[in-house]
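Notes follow the structure.
Protein chains: 2
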Amino acid sequence: MTSPVGLHRVVEPAGVLPQAAWRLDADPRIAPNEVRIRVERLNLDAASFRQLAQKHGGDGEKVRAEVLEIVSTRGKMQNPVTGSGGMLIGTVEEAGRRSPLGLAVGDRVATLVSLTLTPLTILDRLARWDGRSEQVPCDGYAILFARSIAAVLPADLPAELALAVLDVCGAPALTARVVGEQVARRERVGDGSPVTVAVVGGAGKSGSLSLVAARRAGAARTVGVVPVEAERDALAAAGVASVVALADARDPVALSSAVTSALGGPADVTVVCVDVPGCEHGAVLATAEGGTVIFFSMATSFAAAALGAEGLAADVTMLVGNGFVPGHAELALGLVRSEPGVRALFESRLAAD
Amino acid sequence: MTSPVGLHRVVEPAGVLPQAAWRLDADPRIAPNEVRIRVERLNLDAASFRQLAQKHGGDGEKVRAEVLEIVSTRGKMQNPVTGSGGMLIGTVEEAGRRSPLGLAVGDRVATLVSLTLTPLTILDRLARWDGRSEQVPCDGYAILFARSIAAVLPADLPAELALAVLDVCGAPALTARVVGEQVARRERVGDGSPVTVAVVGGAGKSGSLSLVAARRAGAARTVGVVPVEAERDALAAAGVASVVALADARDPVALSSAVTSALGGPADVTVVCVDVPGCEHGAVLATAEGGTVIFFSMATSFAAAALGAEGLAADVTMLVGNGFVPGHAELALGLVRSEPGVRALFESRLAAD
Numbered sequence: 001m002t003s004p005v006g007l008h009r010v011v012e013p014a015g016v017l018p019q020a021a022w023r024l025d026a027d028p029r030i031a032p033n034e035v036r037i038r039v040e041r042l043n044l045d046a047a048s049f050r051q052l053a054q055k056h057g058g059d060g061e062k063v064r065a066e067v068l069e070i071v072s073t074r075g076k077m078q079n080p081v082t083g084s085g086g087m088l089i090g091t092v093e094e095a096g097r098r099s100p101l102g103l104a105v106g107d108r109v110a111t112l113v114s115l116t117l118t119p120l121t122i123l124d125r126l127a128r129w130d131g132r133s134e135q136v137p138c139d140g141y142a143i144l145f146a147r148s149i150a151a152v153l154p155a156d157l158p159a160e161l162a163l164a165v166l167d168v169c170g171a172p173a174l175t176a177r178v179v180g181e182q183v184a185r186r187e188r189v190g191d192g193s194p195v196t197v198a199v200v201g202g203a204g205k206s207g208s209l210s211l212v213a214a215r216r217a218g219a220a221r222t223v224g225v226v227p228v229e230a231e232r233d234a235l236a237a238a239g240v241a242s243v244v245a246l247a248d249a250r251d252p253v254a255l256s257s258a259v260t261s262a263l264g265g266p267a268d269v270t271v272v273c274v275d276v277p278g279c280e281h282g283a284v285l286a287t288a289e290g291g292t293v294i295f296f297s298m299a300t301s302f303a304a305a306a307l308g309a310e311g312l313a314a315d316v317t318m319l320v321g322n323g324f325v326p327g328h329a330e331l332a333l334g335l336v337r338s339e340p341g342v343r344a345l346f347e348s349r350l351a352a353d
Numbered sequence: 001m002t003s004p005v006g007l008h009r010v011v012e013p014a015g016v017l018p019q020a021a022w023r024l025d026a027d028p029r030i031a032p033n034e035v036r037i038r039v040e041r042l043n044l045d046a047a048s049f050r051q052l053a054q055k056h057g058g059d060g061e062k063v064r065a066e067v068l069e070i071v072s073t074r075g076k077m078q079n080p081v082t083g084s085g086g087m088l089i090g091t092v093e094e095a096g097r098r099s100p101l102g103l104a105v106g107d108r109v110a111t112l113v114s115l116t117l118t119p120l121t122i123l124d125r126l127a128r129w130d131g132r133s134e135q136v137p138c139d140g141y142a143i144l145f146a147r148s149i150a151a152v153l154p155a156d157l158p159a160e161l162a163l164a165v166l167d168v169c170g171a172p173a174l175t176a177r178v179v180g181e182q183v184a185r186r187e188r189v190g191d192g193s194p195v196t197v198a199v200v201g202g203a204g205k206s207g208s209l210s211l212v213a214a215r216r217a218g219a220a221r222t223v224g225v226v227p228v229e230a231e232r233d234a235l236a237a238a239g240v241a242s243v244v245a246l247a248d249a250r251d252p253v254a255l256s257s258a259v260t261s262a263l264g265g266p267a268d269v270t271v272v273c274v275d276v277p278g279c280e281h282g283a284v285l286a287t288a289e290g291g292t293v294i295f296f297s298m299a300t301s302f303a304a305a306a307l308g309a310e311g312l313a314a315d316v317t318m319l320v321g322n323g324f325v326p327g328h329a330e331l332a333l334g335l336v337r338s339e340p341g342v343r344a345l346f347e348s349r350l351a352a353d
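Protein chains in written order, with UniProt numbering: chain X, 1 to 353; chain L, 1 to 353.
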């Protein structure tokens, strides 16, 4: 019986999960609970691509050679320096009879689990990629385990847009859950006060989706915090937040003042979506006693969050933003379909890339 | 008006909170909302003391000189390498008329906020300390802000025991809250299934307190996971867990198998109290869908937790263990008073130190 989390594909070191492994077995022959994808494109994680481009001084040939070397050595695309991977799109080539993923041969899918744990073989030496973009045209094979997640690409949205949405779909789903729980709790105890939400980095992909998810989950007032005027204007024009505020999220006093003025008090739920270090203290300070901070930024320091809240004697619940919430892909795609402001923000970002 | 979180004491860099500051103003003259403590002893954080001792090859004189240098340069005891501090005990020397802490002159207290944010001046050049222990006899001044936390040392417990308990009192308090919420939720929806709890590192200080806190909050079955036989025997003898299991927490499969066998299934709440890196995946895998993982270990990697749960498609709530929960000191001291098994574990640890 093959492991639903892919333990049988771990070559070294023994006993760890695929993500923590140095090397995976990317044999294209699948077990009965696996699925093989014919890969069409890799989307490298932004931090990983930036590291590779900087290391090689922007020389695309060298970047391409290193990605090939990583995948052939490790059996997966996991940057050894950043530890990050990315995602891929492709078509289902073979689905094991015991796979629970519900995929059929011919489905065009995006993987929602990281490349860091996905067995991968490249067949075309990435001949169509110039090494200068995170988007990597690629012919090859990838393997999905029983507990991997993949979303069938919707027919009604451009693939680029759908991918950008799926890449961050955990954030609106968890935000909606946390805000919904706060609203339900107040209703249960007869507390009629409105639930307020601050999204730090509100003009970004995960940020704008989280703002509309919060509103739909019952938040009475939301603020999107952004660092520069261009983002302030774009977010205001999109109309997805009750208020837009300008502040440097690394400055705890500036951030908490901006949130407090915008909402008339600290936020019941603060969502951190900016990928810069040093936002933990400001997020805690911007949140009401008994409130919740959700950290989606991979730049979050566990120790800074834990010690910061203790040092401020702040009774706040702090969540590690889990990228998986059941139904997250459908929720995020639905928001982009029905919220023209969010879709406009995504499209202008894609056009700028 | 002086800042309740001590911003007026930050010398450099400007605008950060005291914990993130390089240097604090440790002037002994207090503002109306501050309290001055006459220090009697510093308890250096274990990681900080270990780093200093290793750097100086165990030369106590050099360790002492470096601690003096750090405190005179930074105005606080924060190890520049580990970033950590510790706590202190002393006696209230002056309490500002607007201090909300409820402390009176003459109260013997322990600070429950870290030394990393506490303005400190040493007066005796640490003449009574040999530099060979985390316990530092010290004459000096420390300043508490309006939002600092200090606990009056109880008269009925030895000071060493009380300090050891107060040092980890956030863990049982947050565990009790999370378990209590799970129990209440099941009652609300008429779900009669028992709530189960796994504590990884169950024989330690925060672990043993969390085990009894979980039971008192309504957990029907608890397992304490420990890495070695001596701890297994000690925890079993203390009688604070329903079951004791032996497993290496860094081995995800071993940890989840141990928890699952002990509880008859994955845990509803998993509490991580072991200070070793690499326990994130095992903790996620040991937790039931819809369950909660609380990370108290400062060795926790934010990215490993976030990406690990996503990679496992695990719908678990992951909490950053906030060391502050209202009433945490009283709760933990009460558990040690009323649970002889926990008290015995603490006393044998103190005797071994």
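All residues carry an ideal CB built from backbone N, CA and C; glycine is no exception.
In the DSSP assignment, Glu-310 (chain L) falls within the alpha helix (DSSP H) that extends over 302 to 311. For Glu-94 (chain X), the uninterrupted beta strand (DSSP E) run begins and ends at 86 to 95, by DSSP. At a cut-off of 8 angstroms between beta carbons, Gly-86 (chain X) makes no contact with chain L.
Within chain L, the C-beta atoms nearer than 7 angstroms to that of Gln-19 (chain X) come from Leu-307, Gly-308, Gly-311, in chain order. When the beta-carbon positions are compared, Leu-103 (chain X) and Gly-6 (chain X) stay at least 8 angstroms from each other.
The stretch 135 to 146 of chain X and the stretch 307 to 322 of chain X do not touch, with fewer than three beta-carbon pairs separated by less than 8 angstroms. For Asp-251 (chain X), at least one C-beta of chain L is nearer than 8 angstroms to its own C-beta. Exposure of Thr-73 (chain L) is indicated by the presence of fewer than 16 other C-beta atoms within 10 angstroms of its C-beta. Apart from sequence neighbours up to five positions away, the residues of its chain that approach Leu-115 (chain X) with a beta-carbon distance below 6 angstroms are Met-77, Gly-85, Gly-86, ordered along the chain. Three or more Cβ pairs drawn from the stretch 53 to 62 of chain L and the stretch 123 to 135 of chain L lie within less than 8 angstroms of each other, which places the two stretches in contact. The C-beta distance from Val-10 (chain L) to Leu-24 (chain L) rounds to 6 angstroms, short enough to fall under 8 angstroms. Listed along chain L are Leu-319, each with a C-beta nearer than 7 angstroms to that of Thr-317 (chain X).
When the Cα atoms are used, Val-269 (chain X) and Gly-204 (chain L) turn out to be separated by approximately 33 angstroms. Within the stretch 204 to 262 of chain L, the complete beta strand (DSSP E) segments of 3 residues or longer fall at 221 to 226, 243 to 246, listed in chain order. Against chain L, the CB of Gly-106 (chain X) has no partner CB under 8 angstroms away; the residue lies outside that interface.
Residue state for Asp-167 (chain X) is assigned as helix, using DSSP reduced to three classes.
Annotated three-state conformation of Ala-198 (chain X) is strand, per DSSP. With its beta carbon less than 8 angstroms from one in chain X, Ala-314 (chain L) belongs to the interface. An exposed status is given to Leu-246 (chain L), since fewer than 16 other beta-carbon atoms sit within 10 Å of its beta-carbon.
By DSSP's assignment, Glu-12 (chain L) forms a beta bridge with L:Arg-23. Below the 7 angstroms Cβ cutoff, chain X contributes no neighbours of Leu-166 (chain L), its closest Cβ being approximately 12 angstroms away.
Checking the DSSP bridge columns, you'll see Asn-43 (chain L) partnered with L:Met-87, L:Gln-135. Phe-49 (chain L) carries a helical assignment under DSSP once its states are collapsed to helix, strand and coil. In the structure shown, the three-state DSSP call for Arg-64 (chain X) is helix. Taking the beta carbon of His-8 (chain X) as reference, no residue of chain L falls within 7 angstroms; the closest one sits roughly 12 angstroms away. Residues of chain L with a Cβ closer than 9 angstroms to the Cβ of Arg-147 (chain X) are, in chain order, Gly-311, Leu-312, Ala-313, Ala-314. Looking at the backbone, the Cα of Ala-213 (chain X) and that of Phe-296 (chain X) are separated by about 15 angstroms. One Cα belongs to Glu-187 (chain X), the other to Gly-264 (chain X), and the distance between them is close to 21 angstroms. A distance below 8 angstroms between beta-carbons, with the five flanking residues on each side excluded, links Val-195 (chain X) to the following residues of its chain, in chain order: Val-179, Gln-182, Val-183, Arg-186, Gly-218, Ala-219, Ala-220, Asp-268, Val-269. At least one CB of chain X lies nearer than 8 angstroms to the CB of Met-298 (chain L). The C-beta separation of Ala-303 (chain L) from Gly-83 (chain X) comes to about 7 angstroms, placing the pair in contact by the 8 angstroms criterion. Under the DSSP assignment, Gly-106 (chain X) falls outside any beta strand (DSSP E); it carries neither an H nor an E label. Closer than 7 angstroms at the C-beta level to chain X, one finds no residue of the stretch 181 to 210 of chain L. The contact set of Gly-265 (chain X) on chain L, defined by CB atoms closer than 8 angstroms, is empty, because the minimum CB distance reaches about 16 angstroms.
Proximity of the stretch 242 to 257 of chain X to the stretch 284 to 292 of chain X meets the contact definition, three or more beta-carbon pairs being nearer than 8 angstroms. Annotated three-state conformation of Gly-140 (chain L) is strand, per DSSP.
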